[in-house]
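Visitor: If you read the sequence shown in the working numbering, its first letter stands for residue 58, the second for the next number, and so on.
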Amino acid sequence: MNLEQIEAFLYVSLTKSFKKAGEILYISQPTVSARIKSLEKELGCDLFIRLGKSISLTREGKTFLPFAKTSLETIQSGILTIQQNNQNIKDELSISIVLSMSHYIFPKLIRQFHNTYPKIKLAIHSGHSHNVLEMVLNHETPLGISRSVGHPKIETIHLFNDEMVIVTYPNHPFASMEKVSLSKVAREKLLLYDHGSIDWVLINNAFNKLNLKPNAVLETDNIELVKQMVKKEIGIGIIPLSSIVEERHLKDLRIIKIKDQPQLNRPYQLIYLKDTKIDGTLKIFIDFVKVNIGALLPPQ
């Protein structure tokens, strides 16, 4: 049994996809399958149930999962400790990043990265997802962090899904609830994103599936404006959970989950050109993000 087998097992169990696991590990889908088969042979049992495109853990796979996580986390901690002791790495790296992430999760991540690699200078360019994609396509930055985008020249690594939640002021009837239905939300004064934006499409599709028409009284692409308008009791908002992590324990805003709909998620990913060579400082940064970003995300 080796680290490569354990990594393959963990990422397949996480993504429910051999292809996506391969993308994260920079290896082909057949290589992922070979590593899983080798691990299953060594353990003497099947770890996954494969039904068409559906993949789930077997009973043995569920039993093995926490031990595999502990093993990988221990090794990654050792790697990071060595990297932290090797603070003489000196280089520069340009990154393009979507605005919403640059305001909330990214600053903490960069602080950790700078503490680990104080001599690596980062040049950060922010914009909307299409701006991030354009910067990568135009070779302005070798790496981008964006919402879900697709392009034939682009490789992607999924980072996390940011859940959309209802945010209200303390005196609102929803404030004491843990979850609320979209049918009730549709009747409230809503503060939404700009018409036609990715977030607007995501939220509007959720209402459309239930044949509901939201009562939008304000549309904006500024999350902070939505929060301030909610605090002024102008209406309630639907915003990403990561954007309210700093205020979730304060008294002026309340978070309520949506109960009658699958989670509304904003997927975030690393993007780079398919012919990009992932090595040196670029690989250091990508690996650092993959290892550390989970600890910075708000609990779902």
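Note that CB positions come from ideal geometry on N, CA and C, so glycine has one too.
Where T173 and D148 are concerned, what is the direct C-alpha to C-alpha distance, given to the nearest angstrom?
Guide: 13 Å
Visitor: If you draw a straight line from the C-alpha of W257 to the C-alpha of L60, how long is it?
Guide: Using only the alpha carbons, I get a separation of about 42 Å.
Visitor: By DSSP, does H208 sit in helix, in strand, or in coil?
Guide: coil
Visitor: According to DSSP, simplified to helix, strand and coil, what is H185?
Guide: coil
Visitor: If you drop the 5 nearest sequence neighbours on each side, which residues of the same chain put their C-beta closer than 6 Å to that of L190?
Guide: Answer for L190: V206, listed in chain order.
Visitor: Report the start-end ranges of each alpha helix (DSSP H) in the segment 217 to 258 that is 4 residues or longer and not cut off at the edges.
Guide: Entirely contained in the segment 217 to 258, the alpha helix (DSSP H) runs reaching 4 residues are, in chain order, 239 to 242.
Visitor: DSSP beta-bridge partners for N268?
Guide: BP columns for N268 are empty, so no partner.
Visitor: Suppose the cutoff is 8 Å on Cβ atoms and the five residues either side in sequence are ignored; what does the same chain contact list for I223 look like?
Guide: Cβ neighbours of I223 within its own chain (closer than 8 Å, five residues either side excluded): F231, V237, V242, I293, G294, I295, I312, I313, K314 and I315.
Visitor: Tell me whether M221 is buried or exposed, calling it buried when 16 or more other Cβ atoms sit within 10 Å of its Cβ.
Guide: buried
Visitor: Among all the DSSP beta bridges, which residues are the ones paired with E149?
Guide: K178
Visitor: Going by beta carbon distance, what residues of the same chain come within less than 7 Å of Y68, once the five residues before and after it are set aside?
Guide: A78, I81 and L82
Visitor: Given a threshold of 16 other Cβ atoms within 10 Å of its Cβ, counted over all protein chains shown, does A180 qualify as buried or as exposed?
Guide: By the neighbour-count criterion, in which a residue is buried when 16 or more other Cβ atoms sit within 10 angstroms of its Cβ, A180 is exposed.
Visitor: Using alpha carbons as the reference points, say which of L249, F264 and L259 lies closest to Q285.
Guide: L249
Visitor: Let me know if R323 comes out buried or exposed under the rule of 16 or more other beta-carbons within 10 Å of its beta-carbon.
Guide: buried
Visitor: Distance check for S153 and I343, CA to CA, integer angstroms please.
Guide: I343 and S153: Cα-Cα distance of roughly 13 Å.
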